[in-house]
Each structure stands twice: as C-alpha cells, then as structure tokens.
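Participant: Going line by line, the protein sequences match chains A and B. Residue numbering for the first sequence follows the numbering used here, starting at 2 and increasing by one per position. Residue numbering for the second sequence follows the numbering used here, starting at 5 and increasing by one per position. A virtual CB, placed ideally from N, CA and C, is assigned to each residue, including glycine. One structure, pasted below without further comment.
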Amino acid sequence: MEQHNNKLRWIIFAVIMAVAAWKLYPTARMAVLGDEGLKALDPKEQVDLRTKAIKRGLDLQGGMHMVLEVDLVELVRGLARTPDSRFNERLVRVEAQLGANTDFWEVFSKEFKDIQLSEYFGERKQGNSEIISVLKAQADDAVDNSLTILRNRVDGSGLQEPSITKQGQRRIVVELAGVNDPEAARRMIGKTALLEFKLVDEAARTNQVLEAVNAVVKGEKVTLPVDSAAQDSTKLAAQTDTTTAKAAADAKAVAKTDSATFDPLAAKTDTASVAAAGDSTRKAATFFELLTIFQGRNALLVSEENRPKVQAILASPEVQEVIPPTKEFLLGKMEMVGEKPYAELFLLDKEALLTGKALESAGVNINQGGQGANAGAAIVELSMTREGARRFARITGDNVNRRLAIVLDDKVFMAPNIRSKIPNGRAIIEGMESIEEAKELANLLKHGALPSTVKPVEERTVGPSLGAESLQKGALSALLATLFTVLFMIVYYKLSGVNAIIAMVANIFLMIAALAGFHATLTLPGIAGIVLTIGMAVDANILILERIREELRRGRTVRAAVDAGYTNAMSAIIDSNVTTLIAGVVLYQFGSGPIRGFALTLMIGLVANLYTAIILTRLLFDRFTNYDRATRLSI
Amino acid sequence: MLEFFSTPNIDFVGKRKVWIGFSLTLLVVSILLGFTRGFNKNIDFTGGTEIQYRFTQPMTEGDLRGALENAGISAEVTTLRSTNAANPDWMLKIQGSEQDGMKEKVMGTIRTAFPQSGDSVLAAHTIGARVGKELKTGAIWSTIWVSILLIIYVTVRFEFIYSVGAIIATLHDVFVVLLFFSLFQWEFSLSVLAAILTLVGYSINDTIVVYDRIREQVKKQKGQPYAKVVNDAINQTLSRTILTGTTTIVSVIILIFFGGPSLTAMAVALLIGILTGTYSSVFIAAPILIEWHDRRAAKLALSK
C-alpha cells in the first residue's frame with residue numbers, strides 16, 4: 002500500500018518537474034541565445050519567446066517607468082462653465098481633503114451638498130447626483146482617451162515591449178523597457194496630442210508619386226544614408242526574401258506585388274504575380290518590394306519588419322525632393338491582416354482641412370438603418386461646431402468618394418470614405434469592427450488631445466548598464482546563499498541533509514518556473530525574495546530532521562523515528578507557512594511595482610516549499626533508506 | 005551526529021518579567037523616537053528627485069554640492085557603496101514637491117560645471133509627494149490587515165491568547181527595526197517598508213513554531229506547572245530556532261555584501277528584524293502566555 006502510494010507520488014513529482022521544465026524552457030533559451038541570437042530569430046518567434054520567458058523588470062534591464070494621473074480637481078475646474086470664487090473655494094477645500102483612500106467624488110459631493118451643481122455644469126433641471134455621474138464618466142473618458150493616445154504613439158515608435166496599463170481608475174502606468182534616450186521617450190509621452198483631418202490622395206496620383214520614389218531608390222543616387230545604411234540595404238534584401246516566401250504562403254488575405262507589375266489600381270493582382278515576387282527580390286532592393294497590396298481594400302500595406310526601412314526611405318532628402326511639397330506620406334495603425342500586422346501607407350495633403358477643435362461631440366451608436374452586414378454594427382456619430390459644420394460641408398461636397406484621414410500625432414488613425422456632401426455637420430463613421438473600436442474613436446474625437454489634466458506623478462529611469470549590474474549582483478547573492486545553505490545542511494545533517502538540499506534545489510526550480518508560468522516580472526526586490534526564501538526553505542526540513550533526531554534519541558527504530566518526525570512536525574510546518582503566506586498576500590495587495598514582485602516570489606516560494614519539503618523529502622527518505630535493515634540513519 | 009544543543013535545559017522564562025520589561029522599554033523608546041526624531045524618509049515618501057551618477061573622473065562631495073548650490077539647488081550628495089572605491093558612484097537627492105524639470109536642471113548643471121568629468125546618469129527617479137502619502141497610509145492599512153487576519157487564523161488554530169502574544173511579539177520586532185532606522189537616521193525607502201512587512205511574516209512564522217510545541221506539550225504534560233511546560237517547549241525547539249535563524253541570517257548578510265547598493269537598506273532591515281524576530285519568539289511571545297495563564301489561574305482560584 003505504502004509502496005503503491007509512493008509510486009503515484011513519484012509520478013506526480015515527475016509530472017510537476019516536467020511542466021516546470023517546459024515553462025522554463027523559453028527563459029533558458031533566451032538566456033542562451035543572448036540579445037544577438039534573439040534578434041536573428043524570426044520576428045514571430047521572437048515575440049513568442051519574449052512573452053513566454055520571465056520578464057525582467059525595468060530595474061534589471063534598464064528602461065523607463067512612468068505613472069500618469071488624471072488631476073480630477075483640474076478636470077472639474079476645466080469643465081465648469083463659470084467657476085466663481087465660491088466654486089473655487091470649495092474646490093480648494095476638496096483638494097485639501099484628498100488622501101490615499103479618499104474617493105474624490107465622495108468628498109466633492111459632500112462639499113457641494115448645498116450648492117446647485119447645475120449652475121456650473123450640465124442643464125438646469127439636472128440634480129447634483131446626476132451631474133456628478135456625468136462628470137465621473139468624463140473623468141473615465143479622460144483616462145481612456147489618454148490610453149488610446151499613448152498607445153497610438155508608442156506603437157510604431159520602435160520600442161520593444163511597451164506596456165501601457167490602467168492602474169486603478171485614474172492612473173496610467175507606462176513601462177518602456179530598454180529605452181536608451183529617456184528624454185526622447187518623455188517628450189514623446191508628454192507632448193500635446195494633435196488631431197487633424199487630412200485628405201487622402203487619389204490612388205492614381207499616389208501611384209505616380211510612388212513610381213517617382215521607386216525610381217529614386219532604384220537609381221544610382223540611392224537614398225539610404227551613409228555606409229552603415231548601405232550594409233543595411235543588403236541585409237534588407239535578404240530579409241525581404243524570407244518575408245516574400247511567407248507572404249506567398251498565406252496569400253489568401255495579402256498579396257505581394259513585384260516591382261514590374263506594381264499598380265495600386267490593379268487590385269486584383271493574381272497569384273501569378275505573387276509567385277513572381279520571389280524572383281524580383283534577387284535584384285537590388287526597390288521601394289516597391291517593401292510594400293504589399295491588399296486586394297480587398299485596394300490599400301498599400303507595410304509590414305512591421307519593413308516599416309523602419311520604408312520610413313527611412315521616405316524621410317531621406319532625395320526622396321523628399323520627388324514628393325510634391327504639399328503632400329506627405331503617413332502610416333496608419335498596425336492591424337492584423339491575415340497572420341501578420343501591417344500598417345497602411347497613405348499619401349495625404351500636408352495641410353489639415355480641419356482640426357479636432359471643429360468637433361463638438363462624438364458618440365457611439367448602433368446602426369439602425371443600414372443594410373446587410375452594416376445593420377447592427379457599431380458606428381460613431383459626430384457633430385461639428387457651427388464653423389466646423391460650414392467648412393465640413395464644403396470639404397465633403399468637393400471631395401465625394403475621396404478618403405478623409407483622421408490623423409493623430411502624424412499617424413493615420415482611420416481614413417473613412419466620403420460618401421456624399423454633409424451639409425449640417427452631423428456625420429457618421431461606419432465600418433467599425435467592434436463597439437470597443439467605435440468607443441475608442443468617439444472618445445478620441447470628443448477629447449481630441451491628451452487632456453492637460455493627465456500629469457506625470459512618477460518617473461523612474463534605469464540605465465541598461467546599472468540594470469545589468471543589478472542582475473549580476475542579485476544572481477551572485479542567490480548563488481552564494483544557495484552554496485552556504487547546501488554546505489551547512491550537509492555538514493550538520495549529512496545524508497539526510499542531502500535530502501533537504503535536493504528539496505531546496507527543486508524548490509528554487511519550481512519557484513522560477515512558476516514566475517515564468519504566471520508571466521510575472523522578475524525585479525531586484527524579487528531576487529531578494531528568492532534569496533530570503535532560500536534561507537527559509539530549509540526551515541521545514543530542519544523542523545522535520547530535528548524531530549527525527551528527537552525520536553531517535555528516545556530509542557525508536559529508524560522507520561518509526563522517520564514516521565513520527567514527519568507526523569509531529571506537520572502542524573508546525575503548516576501553521577507557520579500559512580501565517581507567512583497571509584502576510585505575503587497582504588503585501589502583494591498593498592504593494593506596487595517592484596514590491597509586488599518581492600511578495601510574489603515569497604508566496605510562490607512558500608507554496609513550492611510546502612510541497613518539496615514535506616512530500617519530496619519523504620519520498621527520498623523512503624527510496625534511499627532500507628528501513629528493515631537500517632539501524633542507523635545518517636542524520 | 006553534529007549537534008549544537010542535544011537536550012538543552014536553559015531557563016528562558018524565569019526572568020520573563022525582565023525580558024518583557026526590556027522589550028516594553030524598547031517599544032516606548034521607539035515610539036518616542038519616531039515622534040521626536042522621525043525618519044530619514046527618502047523621496048518615495050516625501051516626493052522629489054534622485055539621480056544616480058557615474059563619472060569617469062573621480063569627484064568630491066564638495067565639488068558636486070558646490071556646483072549644485074551655485075545653481076540654487078539644495079541637494080543631498082552621497083557616495084554609493086560600489087565596486088570601485090577610488091571612483092565611487094554618486095547619488096544626488098533633491099526632496100520636495102516642486103520637481104518639474106528638476107532632473108534636467110541638475111543634469112544641465114553638472115554637465116556645465118564639470119565638462120571633463122565624463123558624467124553618465126545610471127538611474128533617475130522623480131516622484132510626486134502625494135504618491136508617498138498614499139504609500140504610508142497603505143503600509144499602515146496592510147499592517148492592520150495582516151494583524152486582523154493573523155488573529156483570526158491563530159485563534160482558530162490555537163487559542164485567542166496565542167494570537168495576542170504573536171501580534172505583540174511581531175509588533176515588537178517591527179518597532180525595533182523602526183527604532184534603528186530612526187536612531188541612526190538610515191534612509192527609509194519603499195523597499196525598507198516592504199522588508200518590514202515581510203518581517204511581520206517571518207516573525208510570526210518563528211513564533212508559531214514555538215507555540216506549536218507549547219500547544220503539544222500542554223497536552224502531554226498535564227498537571228505540570230505552566231511555566232515549566234513552556235520552558236520545555238522552548239528548549240525543545242531551540243536547535244531549530246538557531247539553525248533556521250543561521251541559514252536565514254547568513255542569506256541576508258550575503259545580500260548586504262553582494263546584493264548591490266539598491267538592496268542594502270532592505271537587507272539591513274531584514275537582518276535586524278530576523279534577529280529580533282528570533283529573540284521575540286523565545287523571550288516575548290512565550291512568556292506572555294505564562295503571564296496570562298498564571299493570572300487566569302489566580303482569578304479562577306479566587307472565584308472558587
């Protein structure tokens with residue numbers, strides 16, 4: 002019976018270790034590859050590895066961490082129609098009462114209890130609670146809108162693994178790993194957003210300009226600047242080769258054109274030309290080879306890996322010369338087309354026809370009247386100011402069937418088609434994929450720019466060299482702590498100590514695997530947590546081994562002493578670990594950023610410890626001690 | 005068999021009134037110091053800017069401070085424990101809530117004053133004052149929450165009085181760490197706070213192991229004087245207390261010496277806490293049970 006149970010336990014142990022090894026594999030592989038090796042991989046594989054491996058915190062790899070917060074006081078002040086001295090006084094009193102756990106809106110409604118808020122906001126008939134709920138929604142919008150704008154900026158800025166998340170209700174946390182120039186990043190995040198409407202050029206015209214650009218790139222006066230870039234261009238040709246093969250493989254959604262037959266109007270590029278694309282890449286890289294045509298939408302697409310090259314070519318002075326001075330090329334948002342992300346390339350009028358100021362409001366609705374696929378889809382309704390409506394009528398009247406791009410920070414957010422003249426300044430935008438997308442757009446149109454009420458409250462930058470040093474020192478500490486504990490246990494407990502050591506090593510292994518499994522971020526305090534856990538991990542074993550010694554002293558047989566040792570130590574182990582776990586959970590709840598990493602490693606360590614110290618060591622004891630013969634235990 | 009203590013029989017509880025009195029004094033001193041002397045809170049709590057510098061040319065504190073003062077910046081200038089004693093890294097700290105553009109101002113000043121110094125910013129941190137205020141409230145709340153949850157758990161698994169003893173012993177450890185940080189004005193940062201909250205867990209862990217043995221011995225040694233039972237339990241767990249203490253303390257000391265400057269303060273807080281945590285399990289948590297038990301017994305005797 003005992004024997005049978007142990008067999009099952011060994012199997013469970015093997016399964017647990019196998020799962021742990023599987024979870025750790027990407028991390029190990031990344032460590033072996035190093036930065037250079039990683040870059041050589043296929044981009045998709047790179048992303049895959051990065052998401053599956055343990056993420057290093059900004060304090061270990063260098064980068065920038067920024068917390069932005071909506072200033073609600075400022076927001077309310079800004080929204081008030083005629084803030085008089087009474088209003089401002091009350092608002093100052095609200096501000097004074099704000100603390101960590103106070104709810105702004107609670108304090109606000111208390112302070113303004115005896116004042117008709119409709120004097121300052123909304124309509125006359127609205128009660129205070131109604132107005133407050135509207136203000137609340139405005140504040141939420143401000144945060145969401147900032148998120149949209151920041152994501153729009155960071156996406157395509159060439160930064161690796163940018164993370165932009167909402168924290169609580171009014172904070173945004175921006176984490177940019179491996180930023181070399183924190184000043185530039187800060188400028189990028191902090192600048193005021195610009196929302197403009199620009200006219201997209203007709204396809205034929207776009208094609209002419211592209212031909213000119215292509216000619217420049219093909220010609221001897223190749224535009225890629227200086228020597229290093231020349232090397233780049235050869236690499237570029239090689240890379241295009243592989244992507245072409247890939248594109249041909251999933252040619253259903255995307256077809257790659259080759260330079261000879263390129264024509265944006267020939268939307269029905271057939272599969273023959275897709276096959277031909279492979280041949281043309283053997284020649285010197287041309288601009289057209291970096292572009293992909295999307296048949297369904299008649300759109301020019303740029304894949305993620307080609308984007309930097311396209312941008313570099315378009316920005317070079319020689320190419321700028323052939324682009325008409327009133328026009329500019331801009332890229333759209335990255336979107337999944339088929340299996341890969343692409344951005345659409347637009348040729349636009351440089352001059353904006355309208356800015357975000359022309360808009361009065363924007364909202365989301367469900368299409369009632371549309372037919373077929375459009376019925377029931379989300380739409381964005383917008384209305385213009387009086388001046389905006391007048392200009393909008395003229396613009397739409399002159400440009401029916403052209404596309405009007407909504408440009409945010411020099412990136413095309415969306416480019417809807419103008420169907421007919423819109424005389425009254427009330428328009429709808431169709432073709433949204435989801436209600437969320439519609440909300441995002443409406444929010445953006447409504448608020449336009451990054452509201453000035455969103456301010457940075459914390460900024461932390463760590464240089465890459467310091468990050469690497471910290472990681473090295475942390476790893477060294479962990480190693481030394483492990484070594485000491487190993488020696489100590491073996492000297493003190495001999496072979497029984499070896500059992501405990503095996504358990505401890507398994508514990509560390511499981512702990513790191515769990516970090517990978519939970520997609521946790523390893524921070525410097527997290528490493529401190531690991532080191533502390535190494536010291537504490539042997540505690541359960543010390544409890545057990547001391548008990549066994551006690552029982553042996555009383556003259557029990559080896560088997561009875563081991564049995565009694567485990568049974569008697571159990572309650573102490575469970576109670577002491579659960580209490581520590583409780584402290585860990587609270588620490589995790591309270592903590593932010595790096596502290597959470599510390600609490601998490603501590604908790605994972607405790608749970609893994611319970612398993613390895615109780616179950617695994619017992620298995621080892623049973624396996625390697627011949628209870629029937631043994632009269633002495635190496636302890 | 006290598007043993008530090010095979011069957012020790014040391015009287016730990018005889019002088020319990022002395023130990024408890026000593027610890028109560030520490031507690032009072034710590035609270036008084038906390039109010040009068042306060043803490044050397046870093047920018048995590050006060051708001052401000054911290055910039056960590058490395059120069060290729062060795063610098064002096066006076067040079068750096070002078071240059072900053074000339075630019076109207078009052079900064080705290082310290083060296084960091086570093087691998088290079090001849091040319092250490094520097095930390096510049098500017099406290100206060102008005103920090104807009106402070107980092108750029110400092111960097112500009114240093115660059116202009118020491119163009120040949122080969123300065124590079126290793127890390128920088130700017131934080132608003134309100135975030136710090138939140139941290140403080142958060143820390144107090146989490147201590148309260150840990151205490152409540154532990155009282156519930158320990159009461160269920162042991163008895164109510166055990167939870168009182170455990171909490172007192174734990175708070176004692178927290179206050180001793182605070183005492184050190186206040187007395188020596190060591191820098192109190194967010195990671196020190198995290199270390200203190202972790203100590204709450206460690207200290208309880210240690211106390212519970214002793215309590216577990218007391219719980220067991222109370223059942224086994226019925227009729228024996230309570231103080232003897234408790235003292236036996238302490239002696240029986242003594243070798244474990246010392247062994248676990250040793251492995252943990254050595255790990256933390258390794259962290260102090262090899263973990264790098266960012267972890268030093270945290271590791272120091274952990275070290276003090278683990279030392280007092282080990283002390284308090286034996287000399288505070290267990291004696292409290294005896295005092296309570298004796299008083300209750302006296303009351304029962306009276307009411308009869």
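1) Kindly give me the distance between the Cβ atoms of B/A199 and B/S284, rounded to whole angstroms, as I take these residues to be in contact under 8 Å.
2) Let me check understanding here. Comparing Cα to Cα, which of B/L31, B/L259 and B/A273 lies closest to B/V181?
3) Strictly below 8 Å CB to CB, what residues from chain B border A/V579?
4) When the Cα atoms are used, what is the spatial distance from A/P342 to A/M335?
5) Should B/T1 be flagged as near chain A, meaning a C-beta pair shorter than 8 Å?
6) Can you tell me which residues form a DSSP beta bridge with B/K45?
7) Could you tell me if A/E388 is buried or exposed, where buried requires 16 or more neighbouring beta carbons within 10 angstroms of its beta carbon?
8) Using C-beta distances below 8 Å, list every residue in its chain close to A/L148, excluding the 5 sequence neighbours before and after it, in chain order.
9) Among A/E46, A/V108, A/L61 and A/T52, which residue has its Cα nearest to the Cα of A/V74?
10) Quick one: complete beta strand (DSSP E) runs, 3+ long, within the region 334-375 of chain A?
11) In the DSSP output, what is A/V413 paired with across the bridge?
12) Just the chain B side, please: which residues come within less than 7 Å of A/G585 by C-beta, in chain order?
13) Name the two residues that bound the continuous beta strand (DSSP E) containing B/T159.
14) Is it true that the region 217-228 of chain B meets the region 429-444 of chain A, where meeting means three or more beta-carbon pairs spaced less than 8 Å apart?
15) I'd like the list of long-range same chain contacts for A/R57, defined as Cβ closer than 6 Å, with 5 residues on each side in sequence excluded.
16) Near B/G277, which residues of its chain fall below 6 Å by C-beta distance, leaving aside the five closest residues on each side in sequence?
17) Contact check, A/A363 vs A/R392 under 8 Å by CB: the rounded distance?
18) I need the straight-line Cα distance from B/G70 to A/V77, nearest angstrom please.
19) Per DSSP, A/L546 forms a beta bridge with which residues?
20) Between which two residues does the alpha helix (DSSP H) containing A/K219 stretch?
21) State the beta-bridge partners of B/P229 as determined by DSSP.
22) Among A/L302, A/L136, A/D85 and A/F88, which one has its Cα closest to the Cα of A/W106?
23) To the nearest angstrom, how far is it from the Cα of A/A614 to the Cα of A/D564?
24) Taking Cβ to Cβ, would you say B/A128 is nearer than 8 Å to B/I77?
25) Just the chain A side, please: which residues come within less than 8 Å of B/A2 by C-beta, in chain order?
26) Three Cβ pairs or more, each shorter than 8 Å: is that satisfied between the region 460-471 of chain A and the region 39-55 of chain A?
27) CA-CA distance, B/S27 and B/I171?
28) Report the rounded CA-to-CA distance for B/F49 versus B/G38, giving the unit in angstroms.
29) Going along the chain, which residues of its own chain have a beta-carbon closer than 6 Å to the beta-carbon of A/D264, five neighbours each way excluded?
30) Taking only runs that begin and end inside the region 522-601 of chain A, name each unbroken beta strand (DSSP E) of 3 or more residues, in chain order.
31) Residues in its own chain within less than 7 Å of A/L315 by CB, not counting five upstream and five downstream?
32) Leaving out the 5 sequence neighbours to the left and right, which residues in its chain are closer than 6 Å to A/R560 when beta-carbon positions are compared?
33) By the criterion of Cβ-Cβ separation under 8 Å, what are the contact partners of A/P526 in chain B?
34) Taking 7 Å as the cut-off, is the C-beta of A/S577 nearer than that to any heavy atom in the ligand FMN?
35) When you compare each of A/A15, A/V20, A/V16 and A/E46 to A/R30 by their alpha carbons, which one comes out closest?
36) Determine which residues of the region 483-511 of chain A have a Cβ less than 7 Å from any Cβ of chain B, and write them out in chain order.
Facilitator: A quick look at the data gives this:
1) Along the second sequence, one-based indexing puts residue 199 of chain B at 195. Along the second sequence, one-based indexing puts residue 284 of chain B at 280. No, B/A199 and B/S284 are not in contact; Cβ-Cβ is about 17 Å, not under 8 Å.
2) Residue 181 of chain B sits at position 177 when you count from the first residue of the second sequence. Nearest of B/L31, B/L259 and B/A273 to B/V181, Cα basis: B/A273.
3) Counting from 1 along the first sequence, the entry for residue 579 of chain A is found at position 578. Per Cβ cutoff of 8 Å: Y157.
4) Indexing the first sequence from 1 puts residue 342 of chain A at position 341. Indexing the first sequence from 1 puts residue 335 of chain A at position 334. In a straight line, the C-alpha of A/P342 is about 6 Å away from that of A/M335.
5) Because chain B in this structure spans residues 5 to 308, residue 1 of chain B falls outside the shown range and cannot be described.
6) Locating residue 45 of chain B in the second sequence gives position 41, counting from the first residue. For B/K45, which the question treats as bridged, DSSP gives the partners B/F192.
7) On the first sequence, residue 388 of chain A is found 387 positions in, with the first residue counted as 1. When all chains shown are included, A/E388 counts as exposed.
8) Within the first sequence, residue 148 of chain A is the residue found at index 147, counting from 1. Counting only Cβ-Cβ distances below 8 Å, and skipping sequence neighbours, we find I165, K167 and I173.
9) Numbered from its first residue, the first sequence carries residue 74 of chain A at position 73. Selected option, being the one with the closest Cα: A/V108.
10) 341-350 and 360-367
11) Taking the first sequence and counting its residues from 1, the one referred to as residue 413 of chain A is at position 412. A/G333 and A/V408, per the DSSP bridge assignment.
12) The count along the first sequence starts at 1 and reaches residue 585 of chain A at position 584. Within chain B, the residues near A/G585 are G205.
13) Along the second sequence, one-based indexing puts residue 159 of chain B at 155. Run containing B/T159: none in the beta strand (DSSP E); it sits in the alpha helix (DSSP H), A133 to R161.
14) no
15) Counted from its first residue, the first sequence places residue 57 of chain A at position 56. Closer than 6 Å at the Cβ level, and outside the excluded window around A/R57, lie L523.
16) Along the second sequence, one-based indexing puts residue 277 of chain B at 273. Answer for B/G277: D177, V181 and L203, listed in chain order.
17) In the first sequence, counting from the first residue as 1, residue 363 of chain A sits at position 362. In the first sequence, counting from the first residue as 1, residue 392 of chain A sits at position 391. That pair is no contact at about 17 Å.
18) Walking along the second sequence from the start, residue 70 of chain B turns up at place 66. Walking along the first sequence from the start, residue 77 of chain A turns up at place 76. So the two alpha carbons sit approximately 44 Å from each other.
19) For the purposes of this step, residue 546 of chain A is identified with residue 545 of the first sequence, where counting begins at 1. Per DSSP, none; premise fails for A/L546.
20) Start at 1 with the first residue of the first sequence, and residue 219 of chain A comes out as number 218. Run containing A/K219: A204 to K219, per the alpha helix (DSSP H) assignment.
21) Here residue 229 of chain B is taken as the residue at index 225 of the second sequence, counted from 1. Paired residues: none, contrary to the question.
22) Stepping through the first sequence from its first residue, residue 106 of chain A is reached at position 105. The option with the nearest alpha carbon to A/W106 is A/L136.
23) Here the question's residue 614 of chain A lines up with position 613 in the first sequence. Here the question's residue 564 of chain A lines up with position 563 in the first sequence. Rounded to the nearest angstrom, the two C-alpha atoms are 15 Å apart.
24) To locate residue 128 of chain B, count along the second sequence from 1; it is residue 124. To locate residue 77 of chain B, count along the second sequence from 1; it is residue 73. Not closer than 8 Å, so no.
25) Since the first residue shown for chain B is 5 and the last is 308, residue 2 of chain B is missing from the structure and cannot be characterised.
26) no
27) As a first step, residue 27 of chain B is located in the second sequence; it is residue number 23 there, counting from the start. As a first step, residue 171 of chain B is located in the second sequence; it is residue number 167 there, counting from the start. About 14 Å.
28) Taking the first residue of the second sequence as 1, we reach residue 49 of chain B at position 45. Taking the first residue of the second sequence as 1, we reach residue 38 of chain B at position 34. Going by the C-alpha atoms only, they are around 15 Å apart.
29) Here residue 264 of chain A refers to the residue found at position 263 when the first sequence is read from its first residue. Because A/D264 carries a pLDDT of 33, less than 50, the predicted location of this residue cannot be relied on, and no value is offered for it.
30) none
31) Here residue 315 of chain A refers to the residue found at position 314 when the first sequence is read from its first residue. Hits under 7 Å: F330.
32) The count along the first sequence starts at 1 and reaches residue 560 of chain A at position 559. Here the set comprises Y628.
33) Within the first sequence, numbered from 1, the residue matching residue 526 of chain A stands at position 525. The contacting residues are S195, A198, L267 and M270.
34) As presented, the structure is devoid of all ligands, the ligand FMN included, so that no description of it is given.
35) Here residue 30 of chain A refers to the residue found at position 29 when the first sequence is read from its first residue. Considering only alpha carbons, the answer is A/E46.
36) F485, T486, F489, V492 and Y493
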